[in-house]
Structures are given as C-alpha cells and as structure tokens.
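Q: I'd like to ask you about the structure that follows.
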Amino acid sequence: MSLQRKEEIVENLTKVKNNMQVILDKQQRQACLVAVSKYKPTEDLMYAYEAGQRHFGENYLPKDIQWHFIGHLQSNKCKTVAVERKDPLRVFVQVNTSEEEAKSGVSPAGTVQVCKHIMEACPNLKLHGLMTIGMFGRDPSEENPDFKCLVECKKQVEKELGVKDLELSMGMSSDYIGALEMGATNVRVGTTIFGGRLLKSELNK
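Residue numbers (our numbering): -14 to 190.
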C-alpha cells in the first residue's frame, strides 16, 4: 500500500465532507456522498472505506460497501444485482435536464410518465428519486439551470403522483456544492476524491 496515496485520498475525502457539512449545517439536513470509484484500483476504494466512506458509485459488485450503480449497468450483471431480493430495488430516474443528445435519460416532459410506470407496473422496483448530470462548463457561481429543472420535475412528480420526499441525485466534482445548495440529497463525487479516471485501455496494464 502506498502511504502517500492513502493520505491523498483521505485528505481529499475529508475536504469534500467538510465542504458538504458547511452547507448542510446551514440547511439543517443531511445528504449522502457517493464516492464514484468506477475504474479505480481496489486499493483506492480500501483507503476511502477505511476512512469511513460507505457509499460508492460503481458498475461492479462485492458486499458490505453500499453500491450505487450509476450509468449503464452491464446487462449480464443485472441478474446478480437483482437476485433473491426480498425488498424492491430502489431506483432513481435519470432526467436529461440539458436535453443533450449524448446523454441518457428521460426528457423533463416525460418524467412523470416514466415514474408512473415504475410505480404501477414494476413491483420489484421502488421509485426513490430523480437524478441528472448537469451540463459541463456551467459557471459554478450561478444557479444551475439543470438542477433547477430537476427540482421542478421532482415537484411535478410528487404533486401528480401523490408521492412525498423523493430524493435528488445531482452534482459531481465540479458542481456538488451548488447542487447541495439547491437541495441535492445525493452527490456523486469521483475526481475530487480519487483523481482523474483511468481509461479502460489502462486498466489491464
């Protein structure tokens, strides 16, 4: 294990948590930090885990750590995630708030209908909230229109479908502070904690 690398990750993780706590203390609420560990070495996850981090964003699997599967989960892994679950799987509906063609997600206008389908036709799923990926390059000092749009979608879903307290997963390394200020209950932070993501071609070296 590299002591220097461990200290770096622990320091980064502590800074993110401290930044979050300043905002959350003012708002008198809590939020979940999801450490996005996709394509990171196992050692990096161990360092974060030993420092108290329990929620990780991945497309792969083991136990105890609470995995948040984000993006496109490999189809051959879906059965493993779902097998023998006694309780419905909690899901976030991704909304393409910026309406960029390169991004996945339902349009803001179609959010209610998708949520309604989950609630009425998917007994093994539980609608837990909405999520979005904000457009890159936005000014972090200004109110993010993607986050504002997701908040409005949440209000609409709750009103039309009669549900309460849906969660909001929005904000990543570059904009998680603004997302928290606008009501995010989950932020997905990777680069700020672990550094830049390795390319797939580098993983097998």
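By construction, the Cβ of each residue, glycine as well, lies at the ideal position given by its N, Cα and C atoms. All values reported here derive from a predicted model rather than from experimental measurement.
Between V174 and the rest of its own chain, which residues show a CB-CB distance below 6 Å, the 5 nearest in sequence each way excluded?
A: If we look at V174 and ignore the five residues flanking it on each side, its Cβ neighbours are V1, S158, Y161.
Q: Count the other CB atoms, across all protein chains shown, that sit within 10 Å of the CB of H102; report buried if there are 16 or more and exposed otherwise.
A: Its Cβ having fewer than 16 others within 10 Å, H102 is exposed.
Q: Determine the DSSP secondary structure at G42, reduced to helix, strand or coil.
A: Looking at G42 - three-state DSSP - the assignment turns out to be strand.
Q: Quick one: residues in its chain with C-beta nearer than 6 Å to the C-beta of K111, no 5 flanking neighbours on either side, listed in chain order?
A: The residues are P73, R75.
Q: Specify, as a first and last residue, the run of the alpha helix (DSSP H) that V97 falls within.
A: Run containing V97: 96 to 106, per the alpha helix (DSSP H) assignment.
Q: Could you give the DSSP three-state label for L112: helix, strand or coil?
A: Three-state DSSP puts L112 in a strand.
Q: Give me, in chain order, the residues of the same chain whose beta-carbon lies closer than 8 Å to that of V172; leave out the 5 immediate sequence neighbours on both sides.
A: Around V172: M5, A16, C17, L18, V19, S154, M155, G156, M157, Y161, A164, L165.
Q: Pick from V99, V7, K88: whose alpha carbon is nearest that of E145?
A: Measuring from the Cα of E145, the nearest candidate turns out to be V99.
Q: Is the beta carbon of V148 sitting closer than 8 Å to the one on T117?
A: No.
Q: Between the Cα of R14 and the Cα atoms of G180, F179, A169, which residue gives the shortest distance?
A: Looking at the Cα atoms, A169 is the closest of the given residues.
Q: By the three-class DSSP mapping on this structure, what secondary structure does E(-4) have?
A: It is helical.
Q: Any idea if L135 is buried or exposed, counting beta-carbon neighbours within 10 angstroms, 16 or more meaning buried?
A: L135 comes out buried.
Q: Using beta-carbon positions only, say whether T96 and V21 come within less than 8 Å of one another.
A: It is not a contact, given that the beta carbons lie outside the stated cut-off.
Q: Just the Cα atoms here: how many angstroms apart are S83 and M120?
A: Distance between the alpha carbons of S83 and M120 is about 6 Å.
Q: Among all the DSSP beta bridges, which residues are the ones paired with F77?
A: Its beta-bridge partners are G114.
Q: Can you tell which of L151, D124, E127 has the C-alpha that lies nearest to the C-alpha of E137?
A: Selected option, being the one with the closest Cα: L151.
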